[in-house]
Amino acid sequence: MRLFWCFVFLLVPILAVLSCIYAEDYGLWFPGEAETLLGKQIDDLFYLINIIVTVTFIGTNVGLCYAIWRASRNQEDGVKAWYTHGVHSLEVIWSIVPACILMFISLFQLDVWMQFRVRSNYPEQAKKAPVAEVTARQFEWRIRYPAPGKVLQIQPQPDDIYTVNDLHVPVNQPVMIQLRAQDVQHSFFVPDLRVKQDAIPGQVIPIWFNVLHNGEYPLTCAELCGWGHYKMRGQVVAEPVEDFQAYLKKLQAEQNFDGVSKPETPELAQSGEE
Amino acid sequence: MSTRNSLLMTLAVTVIGTAGCDLSKMIPPPEARFVSSERADDVSPKAKKFVVSVVDEQFGSPMDLVAWKRLPVDFGEITGKVVSVEVDEDGSSDQLTVELSLEDGAESPGLTSQGIVWTSGEYTQGAIKAELGKKEKVGLVGIQIDSFDVEDGTLILSHKMSSPPKEGDTFAVVGSQFQAGRHLYARHCLHCHGVTGDGNGPTAQYLNPRPRDYRLGVFKFVSVIKQDRATHDDLTRIVKHGVPGTYMPSFMLMDDNEVQAIVEYIRWLAMRGELENQYFIDLETDFSKSNISSRVDSSDDKRAERDLIEEEFKDYITNLFDAKSIYDRVLKPWERSRDEETAIFPELARIEDSIESRARGRKIFMGKAGCATCHGDAGRGNGPKTEQYEPRKSGGGTWDEPGLHDDWGNIVRPRNLTTGIYRGGRRPLDIYRRIAAGISGTPMAGFKATMKDDQIWDLVNYVYSIPFEKPSESSDEKKDDDKEETEDVASSEASPERSAAR
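Chain order of the listed sequences is A and B. The opening position of the first sequence corresponds to residue 3 in the numbering used here, with each subsequent residue numbered one higher. The opening position of the second sequence corresponds to residue -2 in the numbering used here, with each subsequent residue numbered one higher.
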């Protein structure tokens, strides 16, 4: 009986570890590699914490099993249970050791945190010229770019370029966007870029990232914002800077279309799309 | 492997939770129940029943369509060829294995109980007419499909034919795009716009402005004049870009063929709704509830009067009610907007934005065009008309509350032009169209007939500048402008070519 209970309690860490090992094969593991440098650092931190937690988890469970096994031997030996106030030195140890670990984690992650969140540490290049302003509203992402060659202003300008749900950014350089919310709280979440930032009405929150590869990365809202929360599907498109400039020019031409001057493609006249 | 599987069992709950399953694909949306407009409650119950039956006869329901070629709607079709035939001896169906040609990425759910058209073999149109005798449906001659498995290419026909189709016969199943549109509409649009486009879905009551009710056949932000109907491209643009400043979100990232399917479905709903509405209007004059009750009340022999009205109604619907001409009148603009270029374009390119152009535009805004009476002197959408009791468009006195009303009976605020949010789009062409064509279903009039293109462009330039005027400046300017205005008005009106020549 005593071995049975030890085994039952031991089963918990064994199953947990096994399922973690096999999860990757079944596509249940964490998302693929981060597409930003900072994202890779964030992943490293995540895995570091994961390792610490795993070791602690296994250690705790093994300790628990040992305690059960030990205590049940006492019973067999005819020793009765007794009250204890614990062992002072042991208490001190398991207070100080986790405190040290927590202190280590909090200091170790500071660098990444500063890069990600503290404005003065943002890359100069990104800070100088925000790429776009993204305004979250129920239930879409409204995007405002400055006209080519101009700098994004906090107030809308007459020559700003507007689009929606489709955020294009230059690849391989730090870019910053200004995040706003128009109605309720939303959250700008690009899982592949490891970027998640709440958008709060009345605040302009700058966020930056440096996308490493060309591609389209899904953008979702990560804050339940209303019945249409699921509709807030968008995408971040990273492309070479020339393509990005060409894209802006195209948007600008569409936006200035007056129905007479020839647009570059015939479809442009009607749909204003692609 | 088995250990892995047992391991997975422990994770089963998580798996189901995260992987999920696409329910919308498995369960087709249920048959739509059409909601008649408020006018239906104004006419006598008999008249209502009559109209509903007439419209059902002409349109059918999305699951059981009766009109195909007759309607200016692109229903979409899947074409195929019979590969092998299996005859069910005792039953009443022929099972065919077919080879299909599907367009790339074409979704084709819910194709059962659709019509099938044979394009070669002995069951081409003429032959089938003979086969089915008089049971054929209007518009499309066909045998109903009992079940259709697009993946396997198995087609079971519900009608047992005297000799089954031969191998190599080709056919078309009409309605693939329409059914895809119905499914997508159920997924994305229905919760606001209602199952059949009555603008009264479950979430509609929380929205201001209200979602569009398609049943007037009128859409606000279109490229055509008020007498014409929205084009396919207009609706596509609205679905793709959304309507800024309202709850209509953008579906920018949706596939083009999905948007196309939704738009065609919406056009069908709008046509159906508009036709039904027009029938009600036709019957309203004589057979409205209030009319009947006043006639009955004022007569001495109430029972006789009731019978008389009954007789009149029967006589009216058999002899006088002209469904055909109403049908043609309603469908013609829809056909026009499909077949012809009805979208309006300026003849003159946009006049370059300049201080002079804005000043001219401002003069028009304040003066003869009457923009300021609704939009206000500063463009804040608070002109004097928003405070007045306006007459109802359909007659019957004024509205109960002050303010401008749209055709749906909702209070509509003139756009506040200082916000820089333009619901119909912010291209110069969009603003031009709002001014030139007006906004359908609202008091915003079209000025194409009364204003020249250069004047409209001046107005557009002024409208663009309004959000960037400083409030204090504009009031100062106003005083100066007013002085100039009195001097300039005569000369500028006398020679509009002057500004065009610039």
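All residues carry an ideal CB built from backbone N, CA and C; glycine is no exception.
N- and C-terminal bounds of the beta strand (DSSP E) containing residue i
i: D408/B; result: Residue 408/B is actually Ile in this sequence, not Asp. Note, I408/B: premise wrong, no beta strand (DSSP E); not H, not E.
i: L40/A; result: Counting along the chain, L40/A falls outside any beta strand (DSSP E), though it belongs to the alpha helix (DSSP H) covering L39 to E78.
i: W143/A; result: E142 to Y147
i: C227/A; result: No beta strand (DSSP E) holds C227/A; DSSP gives it neither H nor E.
i: E135/A; result: A134 to R139
i: P208/A; result: I207 to F211
i: R182/A; result: V177 to A183
i: S189/A; result: H188 to V192
Per-residue contacts from residue i into chain A (C-beta, under 9 Å)
i: R347/B; result: N258, D260, G261, V262 and S263
i: P246/B; result: R139, Q140, F141, E142, V166, N167, G230, K233 and M234
i: L250/B; result: N167, D168, R235, G236 and Q237
C-beta neighbour in chain B for residue i, strict 8 Å
i: N167/A; result: yes
i: V19/A; result: no
i: P158/A; result: yes
i: S273/A; result: Low confidence applies to S273/A: its pLDDT is 44, below 50, so where it sits in the model is not reliable enough to give any reading.
i: Q77/A; result: no
i: Q237/A; result: yes
i: F11/A; result: no
Partner residues on chain B for residue i, Cβ-Cβ distance less than 7 Å
i: Y164/A; result: R423
i: Q43/A; result: Here the premise fails: no neighbours, minimum Cβ distance about 26 Å.
Residue of the options minimising C-alpha distance to residue i
i: L250/A; options: L169/A, P208/A and V192/A; result: L169/A
i: G61/A; options: I16/A, R4/A and Y28/A; result: I16/A
i: P411/B; options: G373/B, V221/B and A356/B; result: G373/B
i: G198/B; options: L426/B, F31/B and F310/B; result: F31/B
i: N216/A; options: E26/A, C67/A, D260/A and V238/A; result: V238/A
i: T339/B; options: A346/B, L345/B, K329/B and I314/B; result: K329/B
i: M60/B; options: P27/B, V70/B and S81/B; result: P27/B
i: D253/B; options: V52/B, E344/B, T233/B and V170/B; result: T233/B
i: W331/B; options: A227/B, Y459/B and D451/B; result: A227/B
i: V133/A; options: D27/A, V173/A and H87/A; result: V173/A
i: P343/B; options: V171/B, Q452/B and S33/B; result: Q452/B
i: Q275/B; options: R212/B, S173/B and K299/B; result: R212/B
i: Q174/B; options: A320/B, I75/B, E387/B and F56/B; result: I75/B
i: K46/B; options: F284/B, T151/B and V327/B; result: F284/B
i: F118/A; options: G29/A, V99/A, H231/A and I209/A; result: I209/A
Contact test: residue i Cβ vs the ligand SAM heavy atom, cutoff 7 Å
i: A248/A; result: As presented, the structure is devoid of all ligands, the ligand SAM included, so that no description of it is given.
Alpha helix (DSSP H) segment containing residue i, residue limits
i: Y124/A; result: From DSSP, Y124/A is part of no alpha helix (DSSP H); its letter is neither H nor E.
i: T233/B; result: H229 to H238
i: I428/B; result: P425 to A434
i: E308/B; result: K299 to D312
i: W249/A; result: It should be pointed out that residue 249/A corresponds to Tyr in this sequence rather than to Trp. First-last of the alpha helix (DSSP H) with Y249/A: V243 to Q257.
i: I107/A; result: H90 to F110
i: M500/B; result: Here chain B has residues from -2 to 499 only, and residue 500/B is not among them.
i: F11/A; result: R4 to A25
i: F318/B; result: Looking at the DSSP string, F318/B is not in any alpha helix (DSSP H), and its letter there is neither H nor E.
i: L169/A; result: No alpha helix (DSSP H) holds L169/A; the beta strand (DSSP E) holding it covers D168 to P172.
Short CB-CB distance (under 8 Å) between residue i and chain A
i: T243/B; result: no
i: P343/B; result: yes
i: G77/B; result: no
i: T200/B; result: yes
i: Y429/B; result: yes
i: L20/B; result: Because the pLDDT of L20/B is 43, which lies under 50, any placement of that residue in the model is unreliable, and the number read from its coordinates should be weighed accordingly. Chain A, which has no Cβ nearer than 8 Å to the Cβ of L20/B, makes this no.
Residues that residue i contacts on chain A, provided the C-beta gap is smaller than 7 Å
i: H238/B; result: V166
i: F465/B; result: P160
Of all the residues that make up the segment 241 to 268 of chain A, which are near chain B by a beta-carbon distance shorter than 8 Å? E256, Q257, N258, F259, D260, G261, V262 and S263
Residues within the segment 413 to 427 of chain B neighbouring chain A, beta-carbon criterion of under 7 Å: G417, R423, R424, P425 and L426
Using a Cβ-Cβ cutoff of 7 Å, what residues of the segment 440 to 462 of chain B are near chain A? List them in chain order. Y461
Contact residues within the segment 187 to 205 of chain A, judged by C-beta distance below 7 Å to chain B: none
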